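Just so we're on the same page, my numbering is the position in the sequence shown counted from 1, plus 91. Input: a single structure, listed below in structure tokens.
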Amino acid sequence: MKKKARPKAEIKIFSSIEEENAQEYKRRKNMTPEQRLREFAVVQARRWGKDWTSKPIVKKVSYEKKFS
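Quick look at the structure:
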């Protein structure tokens, strides 16, 4: 079985978080909705794997009561 060729990773070093945020905004602005969705799917698969479709999401809420 032949492996897919990965695009080469590009590493950039920014002097501030604001500069990085501006660059990321430009990058996403130039993407099509399909490209953004594909990128989200990759991140989603890395984080949750098969659990995303096989396990229900449990929603939890917690709060603290404030005593006066």
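Note that CB positions come from ideal geometry on N, CA and C, so glycine has one too. Given the structure is predicted, the values throughout are model-derived calculations rather than measurements.
**Request:** Kindly give me the distance between the Cβ atoms of residue 166 and residue 127, rounded to whole angstroms, as I take these residues to be in contact under 8 Å.
**Result:** Residue 166 falls outside the range modelled here, since the chain spans only 92 to 159, and no answer is possible.
**Request:** Examine chain D for any beta-carbon lying closer than 9 Å to the beta-carbon of residue 142, and answer yes or no.
**Result:** Absent from the structure: chain D. Only one protein chain is present.
**Message:** Threshold first: 4 residues or longer. Then list the alpha helix (DSSP H) segments lying entirely within the stretch 94-141, N to C.
**Reply:** Listed in chain order, the alpha helix (DSSP H) runs fully inside the stretch 94-141 are 108-120 and 124-139, counting runs of at least 4 residues.
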